[in-house]
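Novice: Listed in order, the protein sequences are those of chains A and B. Heads up, the first sequence is in our numbering, so the first residue is 8 and it goes up one at a time. Heads up, the second sequence is in our numbering, so the first residue is 8 and it goes up one at a time. Each residue gets a CB set at the ideal place from its N, CA and C atoms; glycine is no exception. No experiment lies behind these values; they were computed from the predicted model shown. Got a structure for you, written out below as structure tokens; questions coming shortly.
There are 2 protein chains.
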Amino acid sequence: MKTDPESHQRMTQRRKEGFEKKLAAADQEKGLLIVNTGSGKGKTTAAFGMAVRVLGHGMKLGVVQFIKGALHTAERDFLGSAAHCDFVTMGDGYTWNTQDRDADMATARKGWESAARMILSGDYQMVVLDELNIVLKYEYLSIDEVLDVFSRRPAMLHVVVTGRHAPDKLIEAADLVTEMRLVKHPYREQHVKAQRGVEF
Amino acid sequence: MKTDPESHQRMTQRRKEGFEKKLAAADQEKGLLIVNTGSGKGKTTAAFGMAVRVLGHGMKLGVVQFIKGALHTAERDFLGSAAHCDFVTMGDGYTWNTQDRDADMATARKGWESAARMILSGDYQMVVLDELNIVLKYEYLSIDEVLDVFSRRPAMLHVVVTGRHAPDKLIEAADLVTEMRLVKHPYREQHVKAQRGVEF
Numbered sequence: 008m009k010t011d012p013e014s015h016q017r018m019t020q021r022r023k024e025g026f027e028k029k030l031a032a033a034d035q036e037k038g039l040l041i042v043n044t045g046s047g048k049g050k051t052t053a054a055f056g057m058a059v060r061v062l063g064h065g066m067k068l069g070v071v072q073f074i075k076g077a078l079h080t081a082e083r084d085f086l087g088s089a090a091h092c093d094f095v096t097m098g099d100g101y102t103w104n105t106q107d108r109d110a111d112m113a114t115a116r117k118g119w120e121s122a123a124r125m126i127l128s129g130d131y132q133m134v135v136l137d138e139l140n141i142v143l144k145y146e147y148l149s150i151d152e153v154l155d156v157f158s159r160r161p162a163m164l165h166v167v168v169t170g171r172h173a174p175d176k177l178i179e180a181a182d183l184v185t186e187m188r189l190v191k192h193p194y195r196e197q198h199v200k201a202q203r204g205v206e207f
Numbered sequence: 008m009k010t011d012p013e014s015h016q017r018m019t020q021r022r023k024e025g026f027e028k029k030l031a032a033a034d035q036e037k038g039l040l041i042v043n044t045g046s047g048k049g050k051t052t053a054a055f056g057m058a059v060r061v062l063g064h065g066m067k068l069g070v071v072q073f074i075k076g077a078l079h080t081a082e083r084d085f086l087g088s089a090a091h092c093d094f095v096t097m098g099d100g101y102t103w104n105t106q107d108r109d110a111d112m113a114t115a116r117k118g119w120e121s122a123a124r125m126i127l128s129g130d131y132q133m134v135v136l137d138e139l140n141i142v143l144k145y146e147y148l149s150i151d152e153v154l155d156v157f158s159r160r161p162a163m164l165h166v167v168v169t170g171r172h173a174p175d176k177l178i179e180a181a182d183l184v185t186e187m188r189l190v191k192h193p194y195r196e197q198h199v200k201a202q203r204g205v206e207f
């Protein structure tokens, strides 16, 4: 990658032109349906990183945490204290903690009612639905019902859905889908436990 | 995935046991070297999502943005206003904006000096080095010099490195590596432009 100054300048000039051409072609603005899935880390944290951008711009953010409400509180403590953020936590920890499908379905339904209200209200610029994919995978909610609400959202509202196992229908409907892929994980290889600031 | 209550309970019971077994085996705590790479979205936002957790716990965070300091300010505005966060932005936008390799190298060096100071100070629980991978790929900094500082960091300090093209040596040294893989992107398919709250 080391180059002389002239060829470096030619390379950066070409790259700049390519970038500007792409920029000129991209002239649409719209609320995006964004999905972070895959078995790697970073699905939820990437959503909260966008949430930080939204709040940094003074835009209004809604968050519904579907599954791990009982576990992850640091992001709620920090983001939830922002003036432009409404944060709803549902769920009694992971599903294996309740071992009761009916109770889980009722919790999912309650979370979805909050989510649908936020999405259709017109009050928000971004709504994050953390771990909704898990709820859909277990069929605690119907994907068709969820997609119907998404399709009726305000034109400029961004919706961010996280969790493993995003359903095919959701990926089809989405504008932006990222798979977080595990390359190396200290849990397995080094017996490192979940740590404050990283996992929760 | 629909099951009767009994088999649902057996399934969740098994899952709970597996989870608890893994938990018991994982008894180590250590500062992790975390790398978010790949050509998909979410590398920087996932780092800032962890940053939110760190700040939510009242832990101290350091951030050095190596490349896009001139572009992305929303996260700096929001996180940088937190009492426990030191935020340093370097870089004159992307490299193709300067078209001057010597200037880029000097900027990288200055950013790295701040980063090394934070890492070795003992004052932080997490240091985020945003887009350091790009700087390493262009050989604006030597990977050996960077790894040497990482290896001398306090035992409980988490370091998070983002950017495409993480060097092999960095991946080898890292504890936790995630590849963000693009599945679907609205830039290309729908000519959607970079939008407030999502890309910046």
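1. Cα-Cα, which of D155/A, E27/A, M57/A is closest to I41/A?
2. Alpha helix (DSSP H) containing T51/B: first to last residue?
3. Which residues, in chain order, does the region 85 to 99 of chain B contribute to contact with chain A at a C-beta distance below 7 angstroms?
4. Would you say the region 155 to 171 of chain B touches the region 147 to 165 of chain A, given that touching needs at least three Cβ pairs under 8 angstroms?
5. Using C-beta distances below 6 angstroms, list every residue in its chain close to Q72/A, excluding the 5 sequence neighbours before and after it, in chain order.
6. Measure from the C-beta of V59/B to each C-beta in chain A and report whether the shortest distance is under 8 angstroms.
7. Once the 5 residues before and after D93/B are set aside, which same chain residues still bring their CB inside 6 angstroms of it?
8. Could you list which residues in chain B have their beta carbon closer than 7 angstroms to that of F55/A, in chain order?
9. Note down, in chain order, each residue of its chain lying with its Cβ closer than 6 angstroms to the Cβ of A115/B, except the 5 sequence neighbours on either side.
10. State the Cα-Cα distance for the pair G170/B and N140/B, rounded to the nearest angstrom.
11. Thinking C-beta only, is R203/B closer than 8 angstroms to G204/A?
12. How far does the alpha helix (DSSP H) with D84/B in it reach, from first residue to last?
13. What does T52/B reach in chain A if we use C-beta pairs closer than 7 angstroms?
14. For the region 173 to 189 of chain A, which residues have a beta carbon sitting closer than 8 angstroms to at least one beta carbon of chain B?
15. In terms of residues, what are the limits of the alpha helix (DSSP H) holding G118/A?
16. Is T185/A near R108/B, with beta carbons less than 8 angstroms apart?
17. Relative to the C-alpha of A90/A, which residue among K50/A, G63/A, A81/A, V156/A is closest?
18. Within 8 angstroms of any Cβ in chain B, is that where the Cβ of Q132/A sits?
19. Is there a Cβ of chain B sitting closer than 8 angstroms to that of H15/A, yes or no?
20. Mind checking E82/B: buried by the 16 CB within 10 Å criterion, or exposed?
21. Helix or strand or just coil, what does DSSP make of G25/B?
22. In the region 143 to 162 of chain B, which residues sit with their C-beta less than 7 angstroms from some C-beta in chain E, listed in chain order?
Specialist: Judging by the given coordinates:
1. Numbered from 1 along the first sequence, position 34 holds the residue referred to as residue 41/A. When only C-alpha atoms are compared, the closest one is M57/A.
2. Mapped onto the second sequence, residue 51/B falls at position 44. Segment 50 to 63, the alpha helix (DSSP H) holding T51/B.
3. F85, L86
4. With a cut-off of 8 angstroms, the region 147 to 165 of chain A and the region 155 to 171 of chain B do not count as touching, because too few Cβ pairs lie within range.
5. Sequence index remark: in the first sequence, residue 72/A carries index 65 (1-based). T96, D137, listed in sequence order.
6. Here residue 59/B is taken as the residue at index 52 of the second sequence, counted from 1. V59/B counts as touching chain A.
7. Sequence index remark: in the second sequence, residue 93/B carries index 86 (1-based). Result list for D93/B: G69, in chain order.
8. Within the first sequence, numbered from 1, the residue matching residue 55/A stands at position 48. Those are G56, V59, listed as they occur along chain B.
9. Sequence index remark: in the second sequence, residue 115/B carries index 108 (1-based). Excluding five sequence positions before and after A115/B, the CB atoms of its chain that fall closer than 6 angstroms to its own CB belong to V142, Y147, L148, given in chain order.
10. Here residue 170/B corresponds to residue number 163 of the second sequence, with the count starting at 1. Here residue 140/B corresponds to residue number 133 of the second sequence, with the count starting at 1. Taking the straight line joining both Cα atoms gives about 5 angstroms.
11. Your numbering for residue 204/A matches position 197 in the first sequence. Your numbering for residue 203/B matches position 196 in the second sequence. The answer is no: Cβ separation not under 8 angstroms.
12. By 1-based counting over the second sequence, the position of residue 84/B is 77. For D84/B, the uninterrupted alpha helix (DSSP H) run begins and ends at 81 to 86, by DSSP.
13. What you label residue 52/B is simply residue 45 of the second sequence in a count that begins at 1. Contact note: T52/B reaches chain A through A53, G56, M57, using a C-beta cutoff of 7 angstroms and chain order.
14. I178, A181, D182, L183, V184, T185, E186, M187, R188, L189
15. Within the first sequence, the letter at position 111 stands for residue 118/A. Note, G118/A: alpha helix (DSSP H), 108 to 128.
16. Along the first sequence, one-based indexing puts residue 185/A at 178. Along the second sequence, one-based indexing puts residue 108/B at 101. The answer is no: Cβ separation not under 8 angstroms.
17. Numbered from 1 along the first sequence, position 83 holds the residue referred to as residue 90/A. Among K50/A, G63/A, A81/A, V156/A, the Cα nearest to that of A90/A belongs to G63/A.
18. Locating residue 132/A in the first sequence gives position 125, where the first residue counts as 1. Chain B, which has a Cβ nearer than 8 angstroms to the Cβ of Q132/A, makes this yes.
19. The residue you call residue 15/A lines up with position 8 of the first sequence. Chain B contact via Cβ: present.
20. As a position in the second sequence, residue 82/B is number 75, starting the count at 1. Burial call: buried.
21. Translated into positions along the second sequence, residue 25/B becomes position 18. In this structure, G25/B counts as helix in the three-state DSSP scheme.
22. Within the model displayed, chain E is absent; protein chains A and B are what it includes.
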